[in-house]
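J.: Structure incoming, see below.
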Amino acid sequence: MFTGASNLADGVDKAFLFIFIIAFIFIIGISAFMIWTLIHFSRKKGKAPMQFSGSMKLEVVWTVIPTILVLLMFWIGWKGFAPMRRVPPDAMRVTAIGRMWEWEFVYQDSMRSKELVLPINKPVKLDLVSEDINHSLFIPAFRVKEDVIPGYDNWLWFTPNYIGDYEILCTEYCGLLHSAMIAKTRIVEQEEFDKWLADLRTASFIPDPEGLVLLRGTGCLACHSLDGAKLVGPSFRGFYGSQRIVTSGNTQKTITADDEYLISSIYNPDEQIVEGYSRGLMQSYRGLLNESDISIIAEYLKTLNGENQ
Amino acid sequence: MSISGSETQVSYLEYQGKHKGIWSWLLSTDHKRIGLLYLYAIIIFFFVAAFLGLLMRIELIAPGRTIMEPQTYNGLFTIHGIIMIFVIVIPGLAAVFGNFFLPILIGARDVAFPKLNLFSWYLYMIGAILGVLSQFIGGGAPDTGWTFYVPYSVESSTNVIYALTAAFILGFSSILTGLNFIVTIHRMRAPGMGWMRMPLFPWALYATAWIQVLATPIVGITLLMVIAERVLNIGFFDPALGGDPVLFQHLFWIYSHPAVYIMILPAMGIVTEIFPTFSQKPVFGYGAIVLSSLAIAFVGYFVWGHHMFTSGMSYNARWFFSFLTFIVAVPSAIKVFNWISTMYGGSIDLKPPLLYAISFIFLFMIGGFTGLVLGSLATNVQTHDTAFVMAHFHYIIFGGMGFAFFAAIHYWAPKMFGRMYNFRLAYIAWGFNFIGFNMLYFPLFIVGLQGMPRRAYDYLPQFQSGHVLSTIGSFILFAGLLLMVYNLIRGARKGAVAPANPWKGVTLEWKIPSPPPHENFDDLPEITSKPYLFGNISDNK
Chain A
1 MFTGASNLAD
11 GVDKAFLFIF
21 IIAFIFIIGI
31 SAFMIWTLIH
41 FSRKKGKAPM
51 QFSGSMKLEV
61 VWTVIPTILV
71 LLMFWIGWKG
81 FAPMRRVPPD
91 AMRVTAIGRM
101 WEWEFVYQDS
111 MRSKELVLPI
121 NKPVKLDLVS
131 EDINHSLFIP
141 AFRVKEDVIP
151 GYDNWLWFTP
161 NYIGDYEILC
171 TEYCGLLHSA
181 MIAKTRIVEQ
191 EEFDKWLADL
201 RTASFIPDPE
211 GLVLLRGTGC
221 LACHSLDGAK
231 LVGPSFRGFY
241 GSQRIVTSGN
251 TQKTITADDE
261 YLISSIYNPD
271 EQIVEGYSRG
281 LMQSYRGLLN
291 ESDISIIAEY
301 LKTLNGENQ
Chain B
310 MSISGSETQV
320 SYLEYQGKHK
330 GIWSWLLSTD
340 HKRIGLLYLY
350 AIIIFFFVAA
360 FLGLLMRIEL
370 IAPGRTIMEP
380 QTYNGLFTIH
390 GIIMIFVIVI
400 PGLAAVFGNF
410 FLPILIGARD
420 VAFPKLNLFS
430 WYLYMIGAIL
440 GVLSQFIGGG
450 APDTGWTFYV
460 PYSVESSTNV
470 IYALTAAFIL
480 GFSSILTGLN
490 FIVTIHRMRA
500 PGMGWMRMPL
510 FPWALYATAW
520 IQVLATPIVG
530 ITLLMVIAER
540 VLNIGFFDPA
550 LGGDPVLFQH
560 LFWIYSHPAV
570 YIMILPAMGI
580 VTEIFPTFSQ
590 KPVFGYGAIV
600 LSSLAIAFVG
610 YFVWGHHMFT
620 SGMSYNARWF
630 FSFLTFIVAV
640 PSAIKVFNWI
650 STMYGGSIDL
660 KPPLLYAISF
670 IFLFMIGGFT
680 GLVLGSLATN
690 VQTHDTAFVM
700 AHFHYIIFGG
710 MGFAFFAAIH
720 YWAPKMFGRM
730 YNFRLAYIAW
740 GFNFIGFNML
750 YFPLFIVGLQ
760 GMPRRAYDYL
770 PQFQSGHVLS
780 TIGSFILFAG
790 LLLMVYNLIR
800 GARKGAVAPA
810 NPWKGVTLEW
820 KIPSPPPHEN
830 FDDLPEITSK
840 PYLFGNISDN
850 K
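Protein sequences appear in the order of chains A and B. Numbered per this note's numbering, the first sequence spans residues 1 to 309. Numbered per this note's numbering, the second sequence spans residues 310 to 850.
Structure (structure tokens):
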């Protein structure tokens, strides 16, 4: 674990330390006393049991002391938490979008990135937007977490203290690939950040191919990668026109991935399953994509076959 | 086999009523037989769900795919949660030991509504079987987690409706049992048994029963709202239809947090019975234990928000729920101090029931203190919805309620079956259970602090060492559980005949034969003093 990777980490870690120390003392102390009692008052020693049945004084003592201790814990936890809800007015704003099952970060309302790149020592506020169901954005090293809920304007903020790469995880269960909903946050020097942002701006001016926009908007890319990575479904890279072994019913056959196969796979996904993948994971997109959409997608997929994509 | 030579009645196990054979059980309105029906059902469902847990542990021994696909894993933890929470932990202690011993402990011949009691068992079985069936029929095993959070539970194409209906039906079983117990405790205490002469397990059941009756309907209607949203497209929770997804979380936890106390209060009640008996000493701080039970039941209604600290509640709601959460910790601490003081100065006999009861205190303390970590706002941010939460609630629910259940069965089995289990095997099984349990769940605290999310099929490589330990622990625990159950079943069938009072207890169940006669008491006992007075017994030990 990192320490103090963000401005908020110290307050959290102080609370951890305080509660853990008290917990440790009590658990060890009470257990030791319990074991001592078992041995000292063992029946084998043959002493007659005492018959007292209470003490007002003791009851007051062990009501008041734990009350004071838990109030202290509450207070130190509150103190560590309060700054998380007081965002500085000059904080840089980035929109973090959660969707099944990926994160996307939008800079200045227009530039999109899969990676959260941030300048060091500058407060940043993440506005959390869900495009489908509940997620939760968690950066363990920074000690920040807030749920990403459709219809809610949730947010969190922090100031990163060190250069480095940190994981972003999803902690609200969100279905099939919940555990794979991981992104990276990269903390860099201000100059490097400015350069990165400029590059991102340039890239954003080239409009995306229409087929890619359709794939992204329909959520296809959560399960089918563009870069050849094996996700839930086969990758789109090198897909169009290739020979595929598919299982249809109980028989296997080899087909060519053409327009006809694409249409069949989108409308009746379970009918022909590519070898090595599972049935029942994809819903039919009939009604969401019409045939002319699919031919636009097919055109785009063809461009993914060459080396110079 | 009955030792009740001088009694006028046969034992409840031999009693022949209107019905014969299996029907004399399935149609019995005897609270003791119904208690056993629950016990047998719970043992079966427990092993089903525990086995599913074991499969998940095998999957998690290494990152990436080990033995199953993610969809299978998501279905497994959902049904594991649904069975464990709704079928075992919530009804468990009250339905088995509450049914069997509540009437005896307060000196009654049965519960107030014996037929309703049997009806509750049937509802329970319908709900439980429907829950298990949801795994195998229709559109695939539900994959929402036992919390059914919207919008996913509305959108998932799996059998969510079956699981929701199962939980709904189980809720009604719970409400009816609670109602039955409240009326029984109010109306059927033996002559002379004033409220402050009632043993503490019935007190715990009383506090529990009020939660069951008042809180369960809320989750019932909430689950129906999800079904309505799925089937009729009514926008209670979906923002696209004008609903509010966080509203669901509020409604769900308004029940499901008090449900934690439905589980733990009877567990506390059971160990409160065990400590005096094996120390031969009155319970320490009877009044404090009664008050703390009621305080837990009452304050427990107002802390549900701590399940939602990161859901976007207002700042004020967050700190206020955190504050109340810390307050509700105090009565639990008071109980721990009173239990230990009950043993202090006694004549302690470390028999298996006491060993389990002491383990309960130890595990419950770890669960309690890690609960404070989760209740504190700053540390909650780091631990919320991580493996830390999972470890915490397994310490409370399994280490607390589960070990209390094991304590109870070792305490009362000789009474229930009239026969004694083997002590040596019981100690060995305890060793496996205790070591396996800690090895299974303790590493998950560390993994959670490192940041691993809960309900995760796959994880980053840096989390692996904890998971390997945890999986090894799960096998040890499972072996211990099998050994324990084997020993108990063998004891109940072929063990040495147990005397009426093997532990020298002083509550009413030890004053009637083992196993108890059909009507419990020939003449209702007359109560003339406080419970837990050992004076007479310890003199002639």
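For each residue, glycine too, the CB sits at the ideal point set by N, CA and C.
Using a Cβ-Cβ cut-off of less than 7 Å, give me the residues of the region 38–50 of chain A that come near chain B, in sequence order.
T.: Leu38, Phe41, Ser42, Arg43, Lys47, Ala48, Pro49 and Met50
J.: Are the CB atoms of phenylalanine 239/A and leucine 686/B nearer to each other than 9 Å?
T.: no
J.: Hey, which unbroken runs of the alpha helix (DSSP H) at 4 residues or more fall wholly within the region 216–240 of chain A?
T.: If we require 4 residues or more, the region 216–240 of chain A turns out to have no alpha helix (DSSP H) run fully inside it.
J.: Can you tell me whether histidine 312/A is buried or exposed? The criterion is at least 16 other CB atoms within 10 Å of its CB, across all chains shown.
T.: Residue coverage of chain A in this structure runs from 1 to 309, which leaves residue 312/A outside it and unanswerable.
J.: Using the beta-carbon of each residue, which ones in chain B are nearer than 9 Å to alanine 23/A?
T.: Simply Met674, Ile675, Gly677, Phe678, Thr679, Leu681 and Val682.
J.: What is the rounded straight-line gap between the Cα of glycine 757/B and the Cα of tyrosine 285/A?
T.: 38 Å
J.: With distances taken between CB atoms, is the gap from isoleucine 139/A to tyrosine 166/A smaller than 9 Å?
T.: yes
J.: Taking just the CA atoms, how far does valine 459/B sit from aspartate 553/B?
T.: 9 Å
J.: Compare the C-beta of glutamine 521/B with all C-beta atoms of chain A and state if any pair is closer than 9 Å.
T.: no
J.: Assuming arginine 244/A is part of the beta strand (DSSP E), what are its boundary residues?
T.: 243–248
J.: From glutamate 189/A to lysine 122/A, what distance separates their C-alpha atoms?
T.: About 10 Å.
J.: Residues of chain B with CB closer than 9 Å to the CB of phenylalanine 33/A, please, in chain order.
T.: Ile649 and Tyr653
J.: Whose Cβ in chain A lies nearer than 7 Å to the Cβ of arginine 764/B?
T.: Tyr173 and His178
J.: If you measure from the beta carbon of glutamine 272/A to each beta carbon in chain B, is any gap under 9 Å?
T.: Cβ-Cβ to chain B under 9 Å: no for glutamine 272/A.
J.: What would DSSP say about threonine 651/B, mapped onto helix, strand or coil?
T.: Note: threonine 651/B maps to helix in three-state DSSP.
J.: Compare the C-alpha of glutamate 210/A against each of Met34/A, Ser295/A, Lys47/A and Glu59/A and name the closest.
T.: Ser295/A
J.: For a test of the three-state rule: what should DSSP assign to serine 783/B, helix, strand or coil?
T.: helix
J.: Mind checking if methionine 1/A is an interface residue toward chain B, Cβ cutoff 9 Å exclusive?
T.: No answer about methionine 1/A holds up, because its pLDDT of 44 lies below 50 and its placement is not dependable.
J.: For isoleucine 266/A, decide whether its Cβ has a neighbour in chain B, counting only Cβ atoms nearer than 9 Å.
T.: no
J.: Does aspartate 553/B come out as helix, strand or coil in the three-state DSSP assignment?
T.: In the structure shown, aspartate 553/B adopts coil according to DSSP, grouped into three states.
J.: Inspect the CB distances between the region 386–405 of chain B and the region 345–357 of chain B and report whether three or more fall short of 8 Å.
T.: When C-beta atoms of the region 386–405 of chain B are compared with those of the region 345–357 of chain B, three or more pairs fall below 8 Å, so the two segments count as touching.
J.: Name the chain A residues whose beta carbon is nearer than 9 Å to that of serine 685/B?
T.: Ala15, Phe16, Phe18, Ile19, Met73, Phe74, Ile76, Gly77, Trp78, Gly80 and Phe81
J.: Scan the region 53–64 of chain A for residues whose Cβ lies nearer than 8 Å to a Cβ of chain B and list them as they occur along the chain.
T.: Ser53, Gly54, Ser55, Leu58, Glu59, Trp62 and Thr63
J.: Could you tell me which uninterrupted beta strand (DSSP E) segments, each at least 3 residues in length, are contained entirely in the region 138–214 of chain A, listed from first to last along the chain?
T.: 144–148, 154–158, 164–170 and 183–188
J.: Can you tell me whether arginine 802/B is buried or exposed, with buried defined as 16 or more other CB within 10 angstroms of its CB?
T.: Note on arginine 802/B: under 16 other CB atoms within 10 angstroms of its CB, so exposed under the neighbour-count rule.
J.: Closer than 8 Å, Cβ to any Cβ of chain A: which residues of the region 369–390 of chain B, in chain order?
T.: Listed in chain order, the positions of the region 369–390 of chain B with a beta carbon within less than 8 Å of a beta carbon of chain A are Glu378, Pro379, Gln380 and Asn383.
J.: Is there at least one Cβ from chain A nearer than 9 Å to asparagine 747/B's Cβ?
T.: no
J.: Asparagine 308/A: buried (16+ other C-beta within 10 angstroms of its C-beta) or exposed?
T.: Below a pLDDT of 50, predicted positions are generally treated as unreliable, and asparagine 308/A, at 44, falls in that range; the measurement from the model is reported next regardless. Looking at its Cβ environment, which holds fewer than 16 other Cβ atoms inside 10 Å, asparagine 308/A is exposed.
J.: Please state the DSSP three-state secondary structure of tyrosine 766/B.
T.: coil
J.: Is there contact here, the region 480–497 of chain B with the region 515–523 of chain B, by at least three beta-carbon pairs under 8 Å?
T.: yes
J.: Mapping the DSSP letters down to three states, classify methionine 310/B as helix, strand or coil.
T.: A caution first: methionine 310/B carries a pLDDT of 32, below 50, which makes its placement in the model too unreliable to give a value.
J.: Excluding sequence positions up to five away, which residues of its chain have a Cβ less than 8 Å from the Cβ of glutamate 275/A?
T.: Arg244, Ile245, Val246, Thr247 and Gln252
J.: Does tyrosine 624/B pass the burial test, meaning 16 or more other C-beta atoms within 10 Å, or should it be called exposed?
T.: exposed
J.: Using 8 Å as the threshold, is the region 569–584 of chain B in touch with the region 619–636 of chain B, meaning 3 or more CB pairs across them?
T.: no
J.: Quick one: Cα of isoleucine 846/B to Cα of threonine 37/A, how far?
T.: Below a pLDDT of 50, predicted positions are generally treated as unreliable, and isoleucine 846/B, at 48, falls in that range; the measurement from the model is reported next regardless. C-alpha separation (whole angstroms): 22 Å.
J.: Taking the alpha carbon of proline 66/A as the point to measure from, which residue in Tyr324/B, Phe646/B, Gly775/B and His776/B has its own alpha carbon closest?
T.: Phe646/B
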